[in-house]
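**Q** Before I ask anything, here is the structure I am working with.
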Amino acid sequence: MRSRSQALGLLGLACIFVAACGDGGGNDNHSPGPTATPTSPSAGPTATAPPCPTRLTYIVNGPNADLDAGWSGIYADQRDPLGGSLSLALDCPGEFLGGCGSCAISGPMTSTTSIDNRRCVNASNVECTSDADCPGSTCAFFFGTSIPVSSGGFPVCFINRVAGPVTGTLSPELGAGTSNLPIVASIYSGIAVDMPCPVCTGATLGSTGTCVGGDRNGMSCTVHGTTTDLGNVSFDCPAAAAANIANLDVPFDLTTGTRELPPTATCTGSGGTCWCAGQQAPNGCDDGVCTVDADGEGACAGGPADLVCTSERFRSCTTNVDCPSAGDSCQAQTRECLGATDAGGSPTAPIGRTGTPSQTMPTLVSAFCLGATSSPAINTAAGFPGPGTLRLPTVICISEHCPTTPPTAP
3 MRSRSQALGL LGLACIFVAA CGDGGGNDNH SPGPTATPTS PSAGPTATAP PCPTRLTYIV
63 NGPNADLDAG WSGIYADQRD PLGGSLSLAL DCPGEFLGGC GSCAISGPMT STTSIDNRRC
123 VNASNVECTS DADCPGSTCA FFFGTSIPVS SGGFPVCFIN RVAGPVTGTL SPELGAGTSN
183 LPIVASIYSG IAVDMPCPVC TGATLGSTGT CVGGDRNGMS CTVHGTTTDL GNVSFDCPAA
243 AAANIANLDV PFDLTTGTRE LPPTATCTGS GGTCWCAGQQ APNGCDDGVC TVDADGEGAC
303 AGGPADLVCT SERFRSCTTN VDCPSAGDSC QAQTRECLGA TDAGGSPTAP IGRTGTPSQT
363 MPTLVSAFCL GATSSPAINT AAGFPGPGTL RLPTVICISE HCPTTPPTAP
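So, in structure tokens, the structure goes:
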């Protein structure tokens with residue numbers, strides 16, 4: 003890390019030497035002792051604050067992320083892979099830390115981690131610096147590699163790329179920020195319930211292996227993202243182009259404050275009020291009632307209850323035999339929902355998420371609408387078009403070179 007980016011202060015120390023005079027009395031029988039001349043105080047080092055940062059990188063703590071997508075509730079509590087990041091430039095009105103003020107965010111820019119997230123759109127295994135490096139395609143920044151999503155027997159693979167300039171503000175002193183982050187979310191039909199995206203057989207971040215699935219099946223790869231139970235993913239292992247079912251424009255506007263999605267649309271199915279244009283119903287609850295807690299998480303207390311494996315929750319089941327993991331069992335799980343509704347099934351409040359400012363480990367949040375895919379089965383199962391929310395714990399890195407993996411929060 004550059005010394006200019008390290009928040010180290012020096013405390014000056016001054017030593018004052020005081021004279022000692024003889025015996026301290028007026029004894030006429032003794033000659034006075036030598037008189038010491040006081041010395042001037044010696045100046046210590048001057049305290050100097052480091053300069054305001056000129057760049058930052060958000061490193062995603064994916065296993066603790068929370069993605070909810072669609073009104074049906076089956077794609078609730080999805081996780082991101084570990085290893086995603088986005089680097090941005092900062093322009094602060096102040097000069098030194100402690101007085102940086104509200105700094106302007108712009109970007110994206112070349113990653114400060116070891117994973118290069120600037121790739122060809124139609125061939126993410128190819129690193130690029132301009133469109134000229136991508137014949138028949140374009141060069142773009144990706145916000146992490148593939149995101150495997152699986153629930154209810156409907157696996158899909160998300161890939162998020164930055165679709166335009168990123169703007170916003172950040173206060174280094176407060177750790178508070180907000181951004182306008184346009185994303186194109188490309189969605190692909192999943193390969194299998196336990197492998198929605200092509201995987202790289204490498205065991206850890208940065209390790210090498212072989213692609214399984216996708217357009218580069220059997221070819222070499224480096225692991226760029228790890229997941230707990232859905233395989234490790236890589237830019238080198240893109241999803242098959244033929245499996246693409248949507249490329250959705252999403253205003254992925256992240257903030258450490260609050261994002262809200264008001265219920266201003268008309269439901270296409272019930273005719274009541276919904277949150278997103280084209281949304282069929284407010285939720286998938288049997289009685290239409292979604293009860294929301296203080297964190298904005300909703301549950302269908304009146305059902306349905308989905309049968310899932312307790313260890314591999316992406317796997318639907320009817321008996322324990324359907325849960326192959328050792329010691330796993332089939333149990334009922336209350337369906338989740340997005341947005342509070344009353345006994346009549348009408349929304350009573352916006353869908354909201356609130357982040358947490360921090361100088362080192364902020365939580366970013368977003369609330370948005372997702373459009374339909376070209377797969378009627380996915381649209382019906384997931385509830386697309388419909389709302390989506392994201393709670394994204396991150397690590398801020400202000401340096402020329404950042405770690406690929408975020409440190410564990412204390």
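Throughout, the working numbering is defined as the position within the sequence shown, counted from one, plus 2. Beta carbons: idealized from backbone N, C-alpha and C, even for Gly. Keep in mind the model is a prediction, meaning the values are calculated, not measured.
1. To which residues of the same chain is N415 closer than 6 Å at the C-beta, ignoring the five residues directly before and after it?
2. Using the C-alpha atoms, what's the distance from A369 back to G86?
3. So, at 7 Å on beta carbons, what are the nonlocal neighbours of A78 in its own chain, with the 5 sequence-adjacent residues on each side left out?
4. I'd like the ranges of any alpha helix (DSSP H) spanning at least 4 consecutive residues and lying wholly in the region 357–388.
5. Within a Cβ cutoff of 6 Å, which residues of the same chain sit near G216, ignoring the five residues on either side of it in sequence?
6. Please work out which residues of its chain come closer than 7 Å, Cβ to Cβ, to A384, disregarding the five sequence neighbours upstream and downstream, and give them in chain order.
7. How long is the line joining the alpha carbons of S104 and V164, rounded to whole angstroms?
8. Mind reading off the beta-carbon distance from T268 to C276? Whole number of angstroms is fine, and I expect it under 8 Å.
9. One question on the structure: do T114 and C404 come within less than 9 Å of each other, judged by their Cβ atoms?
10. Roughly how many whole angstroms lie between the Cα atoms of G233 and S327?
11. Of all the options P389, D68 and T406, which has the alpha carbon lying nearest to the alpha carbon of P264?
12. Do you know how far the Cα of C311 is from the Cα of M197?
13. For T358, which option in S272, S191 and V397 has the closest C-alpha, if you only look at C-alpha atoms?
14. Below 8 Å, how does it come out for the region 180–197 and the region 217–226: are there three or more Cβ pairs, yes or no?
15. Starting from S126, follow the beta strand (DSSP E) in both directions and report where the run begins and ends.
16. Helix, strand or coil, according to DSSP, for N162 in the structure here?
17. Rounding to the nearest angstrom, what Cα-Cα distance links C130 and R121 in this structure?
18. Can you tell me which of L99, S152, F143 and S108 puts its alpha carbon nearest to the alpha carbon of I380?
19. Can you tell me whether A194 is buried or exposed, with buried defined as 16 or more other CB within 10 angstroms of its CB?
20. DSSP state of P349, grouped into three classes?
21. State the Cα-Cα distance for the pair L309 and V214, rounded to the nearest angstrom.
22. Could you have a look at V323 and say whether DSSP puts it in helix, strand or coil?
23. Buried or exposed: V323, going by 16 or more other Cβ atoms within 10 Å of its Cβ?
24. Could you work out which residue in N127, D231 and R355 is closest to L2 when comparing CA atoms only?
25. Helix, strand or coil: how does DSSP classify A134 here?
26. Under the DSSP definition of a beta bridge, which residues are partnered with R120?
27. Would you list the one or two residues that DSSP bridges to T59?
28. Let's see if you can read the secondary structure: which residues bound the beta strand (DSSP E) around V195?
29. Can you say whether G273 is buried or exposed, counting buried as having 16 or more other CB atoms within 10 angstroms of its CB?
30. Can you tell me the Cβ-Cβ gap for T59 and S108, rounded? I've got them flagged as a contact below 8 Å.
31. Between A301, L176 and D133, which has its C-alpha nearest G259's C-alpha?
32. Below 8 Å CB to CB, which residues in the same chain sit around T320 once its five sequence neighbours on both sides are set aside?
33. Would you tell me roughly how many angstroms separate the C-alpha atoms of V186 and C287, rounded to the nearest one?
34. According to the Cβ coordinates, are R393 and L366 closer than 9 Å?
35. From the DSSP output, read off the bridge partner residues of P53.
36. Below 8 Å CB to CB, which residues in the same chain sit around S360 once its five sequence neighbours on both sides are set aside?
**A** The short version:
1. Since the first residue shown for the chain is 3 and the last is 412, residue 415 is missing from the structure and cannot be characterised.
2. Position 84 of the sequence shown, counted from the first residue, corresponds to residue 86. Position 367 of the sequence shown, counted from the first residue, corresponds to residue 369. Each residue's alpha carbon lies about 20 Å from the other.
3. By one-based count along the sequence shown, residue 78 stands at place 76. Here the set comprises D70 and E338.
4. 378–384
5. Here residue 216 corresponds to residue number 214 of the sequence shown, with the count starting at 1. Cβ neighbours of G216 beyond the five flanking positions: P200, C239, P240, A241 and A242.
6. Indexing the sequence shown from 1 puts residue 384 at position 382. Contacts found: A71, G72, S74, I76, Y77 and F156.
7. The sequence position of residue 104 within the sequence shown is 102, counting from 1. The sequence position of residue 164 within the sequence shown is 162, counting from 1. Cα-Cα distance, rounded: 23 Å.
8. The residue given as residue 268 occupies position 266 in the sequence shown. The residue given as residue 276 occupies position 274 in the sequence shown. About 7 Å; that satisfies the 8 Å criterion.
9. Here residue 114 refers to the residue found at position 112 of the sequence shown. Here residue 404 refers to the residue found at position 402 of the sequence shown. Yes, they are a contact pair.
10. The residue labelled residue 233 in the question sits at position 231 within the sequence shown. The residue labelled residue 327 in the question sits at position 325 within the sequence shown. Taking the Cα positions, G233 is about 15 Å away from S327.
11. By 1-based counting over the sequence shown, the position of residue 264 is 262. Checking every option, the nearest Cα to that of P264 belongs to P389.
12. In the sequence shown, the residue the question calls residue 197 occupies position 195. In the sequence shown, the residue the question calls residue 311 occupies position 309. Those two C-alpha atoms are separated by around 16 Å.
13. In the sequence shown, residue 358 corresponds to position 356, counting from 1. When each option's Cα is compared against that of T358, the closest is V397.
14. Not touching, per the Cβ criterion.
15. Against the sequence shown, residue 126 aligns to sequence position 124. Element bounds for S126: A125 to E129.
16. Counting from one through the sequence shown, the residue named residue 162 turns up at place 160. It is a strand residue.
17. Residue mapping note: residue 130 aligns to position 128 of the sequence shown, counting from 1. Residue mapping note: residue 121 aligns to position 119 of the sequence shown, counting from 1. Rounded to whole angstroms, C130 to R121 spans 5 Å at the Cα level.
18. Residue 380 sits at position 378 when you count from the first residue of the sequence shown. Looking at the Cα atoms, S152 is the closest of the given residues.
19. Locating residue 194 in the sequence shown gives position 192, where the first residue counts as 1. That one is exposed.
20. Working through the sequence shown from its first residue, we reach residue 349 at position 347. In this structure, P349 counts as strand in the three-state DSSP scheme.
21. By one-based count along the sequence shown, residue 309 stands at place 307. By one-based count along the sequence shown, residue 214 stands at place 212. Each residue's alpha carbon lies about 29 Å from the other.
22. The count along the sequence shown starts at 1 and reaches residue 323 at position 321. Helix, per DSSP.
23. The count along the sequence shown starts at 1 and reaches residue 323 at position 321. With fewer than 16 Cβ atoms within 10 Å of its Cβ, V323 is classed as exposed.
24. Absent from the model: residue 2. The displayed extent of the chain is 3 to 412, so no value can be given.
25. As a first step, residue 134 must be located in the sequence shown, where it is residue number 132. If DSSP states are grouped into helix, strand and coil, A134 belongs with the helices.
26. Position 118 of the sequence shown holds residue 120. For R120, which the question treats as bridged, DSSP gives the partners F143.
27. In the sequence shown, counting from the first residue as 1, residue 59 sits at position 57. BP columns for T59 point to S89 and C399.
28. On the sequence shown, position 193 is the one that residue 195 refers to. V195 -> no beta strand (DSSP E), and no H or E assigned at all.
29. Here residue 273 is taken as the residue at index 271 of the sequence shown, counted from 1. Its Cβ having fewer than 16 others within 10 Å, G273 is exposed.
30. One-based indexing of the sequence shown puts residue 59 at position 57. One-based indexing of the sequence shown puts residue 108 at position 106. Not really, about 14 Å apart at Cβ, beyond 8 Å.
31. What you label residue 259 is simply residue 257 of the sequence shown in a count that begins at 1. Per the Cα distances, L176.
32. For the purposes of this step, residue 320 is taken as the residue at position 318 of the sequence shown. Cβ within range, chain order: L309 and C332.
33. Within the sequence shown, the letter at position 184 stands for residue 186. Within the sequence shown, the letter at position 285 stands for residue 287. Straight-line Cα distance between these residues: approximately 30 Å.
34. Within the sequence shown, the letter at position 391 stands for residue 393. Within the sequence shown, the letter at position 364 stands for residue 366. A contact, by the Cβ cut-off of 9 Å.
35. Start at 1 with the first residue of the sequence shown, and residue 53 comes out as number 51. In DSSP, P53 forms a bridge with F98.
36. Looking up residue 360 in the sequence shown gives position 358. So the qualifying residues of the chain are G177, T258 and I398.
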